[in-house]
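**Q** My questions will all concern the structure given below.
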Amino acid sequence: MRSARILPLRSEWPEEHRWALDLFLASESSEGLRAHYTPRFLFASKAQNRLLFTTYGTNGWAERGQPWLDKNVGT
């Protein structure tokens, strides 16, 4: 059976970014199939060692990710 998995395996992530994946996988956002099979955007703070925001789906970046960044970080 072919897999539609989109979220790369931990071993496929650059080593310096695996901490963000670990935070995501430990969060409620990672529950359910949708967390592993849809395009996902993770916003995390290494200094605070916490996940700040996640969004998913084809329009996740435009509808939720970019507005979150504009509001919380400014661009």
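Under the working numbering, the first residue of the sequence shown is numbered 159, with each subsequent residue one higher.
Each residue gets a CB set at the ideal place from its N, CA and C atoms; glycine is no exception.
Just so you know, these numbers come straight off a predicted model, no measurement behind them.
What does the alpha-carbon distance come out to for the pair histidine 194 and tryptophan 219?
**A** 17 Å
**Q** Check whether the Cβ atoms of phenylalanine 182 and threonine 212 sit closer than 8 Å, and answer yes or no.
**A** At a Cβ-Cβ threshold of 8 Å, phenylalanine 182 and threonine 212 count as neighbours.
**Q** Give the single residue among Ser185, Trp226, Glu221, Thr216 whose Cα lies nearest to the Cα of arginine 198.
**A** Thr216
**Q** Considering just the uninterrupted stretch of the beta strand (DSSP E) at alanine 202, what are its terminal residues?
**A** From DSSP, the beta strand (DSSP E) with alanine 202 extends over 198-203.
**Q** Would you tell me roughly how many angstroms separate the C-alpha atoms of glycine 223 and serine 203, rounded to the nearest one?
**A** 15 Å
**Q** Can you tell me whether leucine 200 is buried or exposed, with buried defined as 16 or more other CB within 10 angstroms of its CB?
**A** buried
**Q** Reducing DSSP to helix, strand and coil, say where leucine 181 ends up.
**A** helix
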